[in-house]
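**Q** Structure incoming, see below.
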Amino acid sequence: MTEFSSTEAEPAVPNDKRFSHEGATTAPIQKSAKKRLRLRPSTFWSVRQGIPTWLKILMPIIGISVPLIAWSILSYGGFVKDIFLPAPTTVISTGIELFTEDELIKDIVASASRVLGGFALAGLVSVPIGLLMGTFESIASLLNPFVSAVRYMPVAAFVPLIVIWAGIDETAKFLIVFLGIVLYNIAMIVDAVRAIPDELLNAAYTLGSNRLVLLFKVIFPAALPSIMNTMRVNIAGAWNFLILAELIAAEQGLGFRIIRSQRYLQTDRVLFCILIIGLIGLLTDFLLKQLGMFLTPWYEQGER
Amino acid sequence: MAETLPLPPNSGGPPSMVEHPKLSVHGLSKNFVYQGNPLTVLENVDIELKANEFICLVGSSGCGKSTLLKIIAGLMSPTMGEVRVEGEAVEGPGSDRGMVFQSYSLFPWLTVAKNVEFGLKLQGLPKAERRERIAYYLDVVGLSRFANALPKQLSGGMKQRAAIARALANEPEVMLMDEPFGALDAQTKEQLQQFMQEVWERTHMTILMVTHDVEEAIFLSHRVYIMDSHPGRIRENLHIPLPEHRELDIKITPKFLELKRYITNQLGH
Ligand SMILES: Nc1ncnc2c1ncn2[C@@H]1O[C@H](COP(=O)(O)OP(=O)(O)OP(=O)(O)O)[C@@H](O)[C@H]1O
Ligand SMILES: [Mg+2]
Numbered sequence: 001m002t003e004f005s006s007t008e009a010e011p012a013v014p015n016d017k018r019f020s021h022e023g024a025t026t027a028p029i030q031k032s033a034k035k036r037l038r039l040r041p042s043t044f045w046s047v048r049q050g051i052p053t054w055l056k057i058l059m060p061i062i063g064i065s066v067p068l069i070a071w072s073i074l075s076y077g078g079f080v081k082d083i084f085l086p087a088p089t090t091v092i093s094t095g096i097e098l099f100t101e102d103e104l105i106k107d108i109v110a111s112a113s114r115v116l117g118g119f120a121l122a123g124l125v126s127v128p129i130g131l132l133m134g135t136f137e138s139i140a141s142l143l144n145p146f147v148s149a150v151r152y153m154p155v156a157a158f159v160p161l162i163v164i165w166a167g168i169d170e171t172a173k174f175l176i177v178f179l180g181i182v183l184y185n186i187a188m189i190v191d192a193v194r195a196i197p198d199e200l201l202n203a204a205y206t207l208g209s210n211r212l213v214l215l216f217k218v219i220f221p222a223a224l225p226s227i228m229n230t231m232r233v234n235i236a237g238a239w240n241f242l243i244l245a246e247l248i249a250a251e252q253g254l255g256f257r258i259i260r261s262q263r264y265l266q267t268d269r270v271l272f273c274i275l276i277i278g279l280i281g282l283l284t285d286f287l288l289k290q291l292g293m294f295l296t297p298w299y300e301q302g303e304r
Numbered sequence: 001m002a003e004t005l006p007l008p009p010n011s012g013g014p015p016s017m018v019e020h021p022k023l024s025v026h027g028l029s030k031n032f033v034y035q036g037n038p039l040t041v042l043e044n045v046d047i048e049l050k051a052n053e054f055i056c057l058v059g060s061s062g063c064g065k066s067t068l069l070k071i072i073a074g075l076m077s078p079t080m081g082e083v084r085v086e087g088e089a090v091e092g093p094g095s096d097r098g099m100v101f102q103s104y105s106l107f108p109w110l111t112v113a114k115n116v117e118f119g120l121k122l123q124g125l126p127k128a129e130r131r132e133r134i135a136y137y138l139d140v141v142g143l144s145r146f147a148n149a150l151p152k153q154l155s156g157g158m159k160q161r162a163a164i165a166r167a168l169a170n171e172p173e174v175m176l177m178d179e180p181f182g183a184l185d186a187q188t189k190e191q192l193q194q195f196m197q198e199v200w201e202r203t204h205m206t207i208l209m210v211t212h213d214v215e216e217a218i219f220l221s222h223r224v225y226i227m228d229s230h231p232g233r234i235r236e237n238l239h240i241p242l243p244e245h246r247e248l249d250i251k252i253t254p255k256f257l258e259l260k261r262y263i264t265n266q267l268g269h
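So this is what it looks like as structure tokens:
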């Protein structure tokens with residue numbers, strides 16, 4: 001191996017010498033034909049330079065219609081049994097039926113309020129704790145063992161325990177959603193606080209801030225855009241944990257619907273409920289984004 | 001060579017009876033731990049600024065200028081030595097030592113006027129007085145028209161002027177500036193040098209400014225501290241024998257060039 005090292009393009013010099021001058025001189029530098037590296041402009045593959053409006057409209061249409069077409073071919077074409085994959089029209093008519101005859105709206109309200117409740121509680125707890133942990137190393141050291149360890153424990157494993165503690169009523173569902181996201185919230189907010197440039201804090205200090213002012217008037221506003229983003233990311237997680245909670249014990253809610261429909265092999269109902277959750281997710285994401293823009297209009301556009 | 005006479009302790013006599021320098025640094029040293037070994041970044045640094053002096057500190061990159069300024073501002077603690085403001089030893093940051101940083105440190109969520117107001121509110125100034133000061137200092141830096149703009153709507157030079165206004169408005173005993181024009185292009189930089197001189201002429205603020213631009217240091221200051229590196233020490237305390245008011249074209253006079261050559265040589269060692 002070593003005998004060939006001097007003739008190889010990538011010389012087998014010790015790693016630490018590879019970029020030093022000695023390393024470079026021991027190996028002959030091969031001269032090959034000059035090659036200009038030029039980037040050709042591209043509409044489709046543009047990176048951070050925006051795409052034209054027609055492409056902006058066309059791409060989501062393709063993104064939605066291709067799976068729809070595939071679905072239609074599979075179901076109408078008779079490639080898949082109805083019981084595994086019902087046709088799109090079946091799902092929609094089932095959906096209408098669910099709304100008109102089965103009071104699906106009640107389940108939606110039940111699920112959405114559980115998510116909102118658990119999510120709001122998680123926000124109320126995680127924002128102050130995250131800010132404190134991100135700001136004060138002492139608090140971080142105090143809580144880190146707990147936060148890091150518990151974050152790796154699957155919430156699903158806690159569910160039996162929660163049922164023992166809190167029973168199977170609404171409290172248990174809030175608690176599962178809350179536990180599911182609160183630690184992720186905290187970890188992400190801590191990172192957001194740590195990413196605040198030193199200069200901002202130093203400027204505040206030299207203007208006469210004490211630590212309280214620093215926390216409320218500098219660190220909190222500086223971290224707010226990231227906190228809003230954290231919320232947007234983690235509310236999706238909240239839905240995951242809610243369905244988990246409802247699968248276990250509930251008389252109402254979308255998760256409850258899904259598990260009952262599955263029992264009767266009503267695939268169309270399962271699919272429709274999943275679609276509804278997706279739509280609610282889109283709506284929440286949009287609303288949280290608007291809220292973020294309302295709360296932090298000063299934040300650079302495009303970074304959202 | 002700088003004297004290292006110990007000063008009488010702070011408790012001795014009312015401060016008003018003795019004429020204290022605005023800012024003094026005595027026997028200041030700073031060690032860092034770098035890869036397990038102690039690294040002396042500053043060694044026995046002595047500095048004194050009298051009221052209304054505009055002083056520059058020049059030194060090559062990495063000699064410890066920013067470290068020194070941060071210690072003076074109280075943002076970092078020294079390994080040895082002390083910092084006094086008007087004879088009183090200080091530990092930790094305070095509004096008596098305003099600071100302008102090399103990179104933009106405006107609060108992005110506040111308008112220019114609110115940025116300037118930040119320190120004034122902390123001082124508990126009544127609203128009318130705050131408004132007056134904001135108007136005055138935004139006028140000093142020429143940003144009155146942009147009072148309600150957000151930092152993201154300003155150019156680099158404007159941001160730095162706003163940061164200077166914010167520091168000035170607090171009316172600190174000493175203004176510390178760490179290469180405030182380092183990130184700007186040559187033209188903007190010269191404009192701001194002229195501007196800084198006007199600011200001083202209007203406010204007579206006591207200023208300690210770090211730069212590695214020798215021309216900037218000579219153009220602006222009454223005295224220049226030249227620093228050695230590894231470890232960082234004050235090599236020389238050089239009086240600048242130029243008239244107090246200077247125009248930009250002073251930069252091509254023989255006297256100026258001679259000073260520039262001299263300092264550059266000193267820095268080369
Ligand atoms: N937190 C730190 N830990 C260890 N070493 C540090 C630390 N901060 C600074 N140093 C070292 O101290 C020395 C001085 O740094 P400083 O930033 O004060 O230099 P400077 O004179 O301001 O340089 P420049 O002109 O490039 O800004 C450098 O060699 C740097 O490596
Ligand atoms: Mg520096």
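As you go down the protein sequences, you meet chains A and B in turn. Taking this note's numbering, the leading residue of the first sequence gets 1, the next gets one more, and so forth. Taking this note's numbering, the leading residue of the second sequence gets 1, the next gets one more, and so forth. Every residue, glycine too, gets a C-beta built ideally from N, C-alpha and C.
Chain A partners of serine 95/B, CB-CB under 8 Å?
**A** Thr206, Leu207 and Gly208
**Q** Would proline 108/B pass as an interface residue toward chain A - the criterion being a Cβ-Cβ separation below 7 Å?
**A** yes
**Q** The beta strand (DSSP E) spanning phenylalanine 54/B covers which residue range?
**A** That run of the beta strand (DSSP E) goes 54-58.
**Q** Using a C-beta to C-beta distance shorter than 9 Å, which residues of chain B count as neighbours of threonine 135/A?
**A** The premise fails here: threonine 135/A is roughly 16 Å from chain B at the closest Cβ pair, so nothing lies under 9 Å.
**Q** Determine the direct distance from the alpha carbon of glutamate 199/A to that of leucine 288/A, and round the result to whole angstroms.
**A** 29 Å
**Q** Can you list the beta strand (DSSP E) stretches of 3 or more residues lying completely in the segment 166-239 of chain B, in chain order?
**A** 174-178, 206-211, 223-228 and 233-239
**Q** If you follow the beta strand (DSSP E) that proline 38/B is in, where does it begin and where does it stop?
**A** Unbroken beta strand (DSSP E) run through proline 38/B: 37-49.
**Q** Between the segment 81-107 of chain A and chain B, which residues of the former have CB atoms less than 8 Å from a CB of the latter, in chain order?
**A** none
**Q** Would glycine 119/B pass as an interface residue toward chain A - the criterion being a Cβ-Cβ separation below 7 Å?
**A** Yes, glycine 119/B counts as interfacial toward chain A.
**Q** Using the beta carbon as the reference atom, which residues fall closer than 7 Å to any heavy atom of ligand 2, ordered along the chain?
**A** Proximity annotation: ligand 2 has residues Lys65/B, Ser66/B, Gln102/B, Asp178/B, Glu179/B and Val210/B in chain order, each selected because its CB is closer than 7 Å to a heavy atom of the ligand.
**Q** With distances taken between CB atoms, is the gap from valine 112/B to aspartate 96/B smaller than 7 Å?
**A** Contact flag unset, no.
**Q** Does the beta carbon of glycine 268/B fall short of 6 Å from some heavy atom of ligand 1?
**A** no
**Q** Is the segment 27-37 of chain B touching the segment 89-103 of chain B in the sense that three or more CB pairs, one from each, lie closer than 8 Å?
**A** In the pairwise beta carbon analysis, the segment 89-103 of chain B is classified as not touching the segment 27-37 of chain B: fewer than three pairs are separated by under 8 Å.
**Q** At what residues does the alpha helix (DSSP H) containing arginine 133/B begin and finish?
**A** Run containing arginine 133/B: 127-140, per the alpha helix (DSSP H) assignment.
**Q** Does ligand 1 have even one heavy atom less than 6 Å from the beta-carbon of tyrosine 205/A?
**A** No, since every heavy atom of ligand 1 falls outside the 6 Å radius drawn around the Cβ of tyrosine 205/A.
**Q** Which residues in the same chain have their Cβ closer than 8 Å to the Cβ of valine 150/A, if we skip the five residues on either side of it in sequence?
**A** Correct list, in chain order: Leu183.
**Q** So what's alanine 89/B in DSSP terms, helix, strand or just coil?
**A** strand
**Q** Return no unless some Cβ of chain B is closer than 7 Å to the Cβ of leucine 295/A.
**A** no
**Q** So what does DSSP say about glutamate 82/B, is it helix, strand or coil?
**A** strand
**Q** Using 7 Å as the limit for Cβ to Cβ distance, is lysine 152/B near chain A?
**A** yes
**Q** Is the closest heavy atom of ligand 1 to the C-beta of phenylalanine 181/B under 6 Å?
**A** no
**Q** Quick one, are the C-beta atoms of proline 180/B and valine 116/B less than 7 Å apart?
**A** Valine 116/B sits away from proline 180/B, with the two beta carbons spaced by 7 Å or more.
**Q** Along chain B, in chain order, which residues have C-beta atoms closer than 9 Å to that of asparagine 202/A?
**A** Lys70, Ala73, Leu75, Pro93, Met99, Phe101 and Ser105
**Q** For valine 47/A, name the three-state secondary structure that DSSP assigns.
**A** coil
**Q** Do phenylalanine 158/A and threonine 117/A count as a contact pair if the criterion is CB distance below 7 Å?
**A** The sequence as given places glycine at residue 117/A; threonine does not occur at that position. Going by C-beta atoms, glycine 117/A is not nearer than 7 Å to phenylalanine 158/A.
**Q** Under the rule that 16 or more other beta-carbon atoms within 10 Å means buried, what is glutamate 305/A, buried or exposed?
**A** Since the first and last residues shown for chain A are 1 and 304, residue 305/A lies out of range.
**Q** Between which two residues does the beta strand (DSSP E) carrying methionine 315/B extend?
**A** In the structure displayed, chain B extends from 1 to 269; residue 315/B sits before or after that span and is not available.
**Q** Quick check on asparagine 115/B - is its C-beta less than 7 Å from some C-beta in chain A?
**A** At a cut-off of 7 Å between C-beta atoms, asparagine 115/B does not count as an interface residue with respect to chain A.
**Q** Mapping the DSSP letters down to three states, classify phenylalanine 32/B as helix, strand or coil.
**A** strand
**Q** Excluding the five sequence neighbours on either side, which residues of its own chain have a C-beta within less than 8 Å of the C-beta of isoleucine 263/B, listed in chain order?
**A** Val58, Val214, Ala217, Ile218, Val224, Ile226 and Leu238
**Q** Since tryptophan 54/A meets chain B, which of its residues come closer than 7 Å, beta carbon to beta carbon?
**A** Near tryptophan 54/A there are no residues of chain B at all, since even the closest Cβ is about 30 Å away, more than 7 Å.
**Q** Using a 10 Å radius around the Cβ and a threshold of 16 neighbouring Cβ atoms, would you call glutamate 246/A buried or exposed?
**A** Burial call: buried.
**Q** Pick from Asn229/A, Ile176/A and Gly208/A: whose alpha carbon is nearest that of glutamine 290/A?
**A** Asn229/A
**Q** Interface residues of chain A around glutamine 123/B at Cβ under 8 Å?
**A** Gly208
**Q** So with Cβ pairs under 7 Å, would you call asparagine 170/B a contact of chain A?
**A** yes
**Q** Measuring CA to CA, which of His20/B, Ile72/B, Arg133/B and Met158/B is closest to threonine 203/B?
**A** Arg133/B
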